[in-house]
Amino acid sequence: MKVILQQDVSKLGKKGDVIEVAEGYGRNYLLPRNLATEASQGKLKELSQIKKAENRKKEQVLQEAKDTASQLEKLQVKLTAKVGGGGKLFGAISNKDIADNLKKQHDIKIDKKKIVLKSPIKGLGEYQVTVKLHPKVQAQLQVVISEA
Numbered sequence: 232m233k234v235i236l237q238q239d240v241s242k243l244g245k246k247g248d249v250i251e252v253a254e255g256y257g258r259n260y261l262l263p264r265n266l267a268t269e270a271s272q273g274k275l276k277e278l279s280q281i282k283k284a285e286n287r288k289k290e291q292v293l294q295e296a297k298d299t300a301s302q303l304e305k306l307q308v309k310l311t312a313k314v315g316g317g318g319k320l321f322g323a324i325s326n327k328d329i330a331d332n333l334k335k336q337h338d339i340k341i342d343k344k345k346i347v348l349k350s351p352i353k354g355l356g357e358y359q360v361t362v363k364l365h366p367k368v369q370a371q372l373q374v375v376i377s378e379a
């Protein structure tokens, strides 16, 4: 019996997979629990259309991430901070500060979790910060810290 899984089923497959199962297993377990539906021609055609739509959406998200990455590569975010002796900052510049200033200066909204800092910035100067926009797309953003 061919079925289309409606949910992830352990040791069987993921949602949307078309699999062959024993007649009893399908009728007595999968179908009554709405874990699967019978694979008819109409359902298979509907499934292929859904998968095509998902692929188009994924490609669109990837393209938007690439466009944003090319924008970020050209930008420079300027921050000012109070400085103590020896050029060290009072406190530190975090990814939240960078995200807020990116929104203020260039009107680009990036989630602070996507900005990767190896450690908080504690000194004056120019820094390259990695922004992970998508699992396949990263951008380098230049951050300039100056004295307030």
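Counting from 232, one number per residue, gives the positions in the sequence shown under the numbering used here. Every residue, glycine too, gets a C-beta built ideally from N, C-alpha and C.
Asked, Found
"Environment of Ile341 [buried if 16+ CB atoms lie within 10 Å]", "buried"
"C-alpha distance - Glu378 paired with Ala312, whole-angstrom precision", "5 Å"
"Beta strand (DSSP E) runs contained entirely in the stretch 275-323, provided each spans 3 or more residues", "307-312"
"Own chain partners of Leu355 with C-beta closer than 7 Å, once the 5 adjacent residues on each side are dropped", "Val314, Gly318, Ile376, Ser377 and Glu378"
"Cut-off 7 Å between Cβ atoms - residues of its own chain near Ala323, not counting five sequence neighbours on either side", "Pro351, Ile352 and Lys353"
"In DSSP terms, what Ala370 is bridged to", "Val362"
"Three or more C-beta pairs below 8 Å linking the stretch 355-373 and the stretch 282-301", "yes"
"Residues bridged to Val347 [DSSP beta-bridge criterion]", "Thr361"
"Counted within 10 angstroms of its Cβ, other Cβ atoms place Asn286 as buried (16 or more) or exposed", "exposed"
"Cβ distance (whole Å) where Gly247 is taken to contact Lys289 below 8 Å", "Actually they do not touch by this definition, with Cβ atoms about 14 Å apart."
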